[in-house]
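Numbering follows the numbering used here, with no gaps: position 84 of the sequence shown is 80. The structure appears below as structure tokens.
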Amino acid sequence: MSSNDLKVKSAVIAGNQIFQTIRENGPILRSELATLTGMSRSTVSLHVEKLLQTQLVKEEEISKNGDKRKKSLLKLAENAGFVIGIEIKITGISIGLFNLNVELLDFYTEQVSVGKGPGFIINLVFETIDKLLVKNKISSKSIMGVGMGIPGTIEKNSRIIVGPKFMPGWNKYPLRKTLEQRFNCRIILENEVNAMAVGSHFVGTGKEVDNLLFVKIGTGIGAGIFVNGELYRGSSGSAGDIGHISIDDLDIPCHCGNYGCLEMIGSGAAIAKRGEEVMKKGGSEFLTKIYEKENKITVEDISLGADHGDSLCLEIIKDASKAVGKVLAKVAGFFNPSLIIIGGGVAEAGEKFLSGIREMVFMRSYPIITSELQIKKSSLGRKACVLGVATTVVNEILSENSITDLLHDLSQK
């Protein structure tokens, strides 16, 4: 390597260090940058000028306490580009528009069955994104990345979707290629529960918690796992499939081909199904009135019935939460997390659902396992997945490798 190449490499490394310091600590003065990085002020200023050329850093002038001398604060140029977070759910889609600070600018959600197939769903996603961009006066050329969370396994190495039986037509569908052709930018595909775990770890209930379990309880049940601050996917990308851990003495057949899976009693679909069965037997006047009006029973209906003191609704919630708790007690004993976050639609049943989970986890675990364990409801609600994939995209766009490449290209001009 020539002396000039060494100089370029050294300058790029220093510029990257300054950028990451600005991103983590901005708005920040040049003098503060010098202190944090250990570089001289003149060196900092030299690299800052390069970073300003990337348009990913901007400076703002301020005056403090009536001081007429203005000082320049450096910060990430949050609107230098935008990212899109997409969640494909079994029962609908959600789309979020974010800036580079992962601040949510707009959000859209719509009920639609994933069973309509990838062609229909992806076209709906594209149409919705176009509307969001027009509404927010953002050019498609400003989109720097798109992340999508999907209720299926994303193969760890190829990042190809391995679609489950409830997603006909999605298995090995060329999602990445389809998104790249449309947006021509960085594309991230992730299992939706893993994405929710990422969102919680970076901006939600589990912010900066190194060992956590995010449990999504919706139509199905799955978990995202953080080990020592890193998302754990397993050898093939399917880690966290706790919905198919069997419950003792439960012999209900599952769509996976086995019997007694947790999803058959603890998922939103199972809770709604049991509520309808109870109602048809005349066991709940509360649910009967709802069914006569809506011709269906939902988890929200059963939760509302429990709030109103309906004994059978309370029993259904109790049985489901305790089943989840039994499985989580096993997982906690094996993994020993410091935090379990409960998310997904069923989590909206609130404290009565969480209390049943806590009861079983703490009753069935050794005290040393639960001595520092907390079980909380997700603070991100129904936006956890889009926040998670958007965070992943931004972290890649602004990663050390990406900024290194950008600064290296600038140095060659």
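We treat Cβ as the ideally placed atom computed from N, Cα and C, and that holds for glycine. Fair warning: this is a prediction, and the values are worked out from it, not measured in the lab.
query, result
"Completely contained alpha helix (DSSP H) runs for the segment 313 to 355, where each covers 4 or more residues", "none"
"Secondary structure of R182, DSSP reduced to three states", "strand"
"Of the listed residues V8, K85, E355 and T400, nearest to K212 (C-alpha basis)", "K85"
"Residue from A319, S27 and S334 with nearest C-alpha to S41", "S27"
"Unbroken stretches of the alpha helix (DSSP H), 4 residues or longer, contained in the segment 223 to 291", "259 to 262, 264 to 276 and 281 to 290"
"Test item: CB-CB of I243 and K133 under 9 Å", "no"
"Check whether I267 and C257 have beta carbons under 9 Å apart", "no"
"Collapsed DSSP secondary structure at Q107 in the structure displayed", "strand"
"Cβ neighbour criterion (16 or more within 10 Å) applied to E204", "exposed"
"Beta-carbon proximity check, L376 vs T201, cutoff 9 Å", "yes"
"Per-residue DSSP class, three states only, for I86", "coil"
"Where K203 falls: helix, strand or coil (DSSP)", "coil"
"G34 in three-state terms, based on DSSP", "coil"
"Sub-9 Å separation of N187 and N207 beta-carbons", "no"
"Cα-Cα separation between E74 and I293, rounded to whole angstroms", "44 Å"
"Ordered list of alpha helix (DSSP H) runs contained in the segment 85 to 170, each at least 4 residues", "114 to 131"
"9 Å Cβ cutoff met for F162 and G113", "no"
"Rounded separation between S68 and I18 - CA only", "13 Å"
"Test item: CB-CB of G77 and I91 under 9 Å", "no"
"Nearest-angstrom Cα separation, counted from M144 out to R182", "11 Å"
"Straight-line gap, K137 to K373 (C-alpha atoms, nearest Å)", "37 Å"
"Residues that DSSP places opposite A219 in a beta bridge", "V211"
"Spatial neighbours of I125 in its chain, beta-carbon cut-off 7 Å, leaving aside the 5 residues before and after", "I80 and I91"
"Cβ neighbours of L25 in the same chain (closer than 8 Å, five flanking residues each side left out)", "K67, S68, L69 and L70"
"Backbone secondary structure at S398 - three-state DSSP", "helix"
"Residue burial classification, M359 (beta-carbon count within 10 angstroms, cutoff 16)", "exposed"
"Chain-order list of residues whose beta-carbon lies under 7 Å from that of G301 (same chain, five-residue window excluded)", "S280, F282, L283 and C309"
"Option in G22, L29, A30 and T87 with minimal Cα separation from E56", "G22"
"Beta-ladder partner(s) of L72, from DSSP", "V53"
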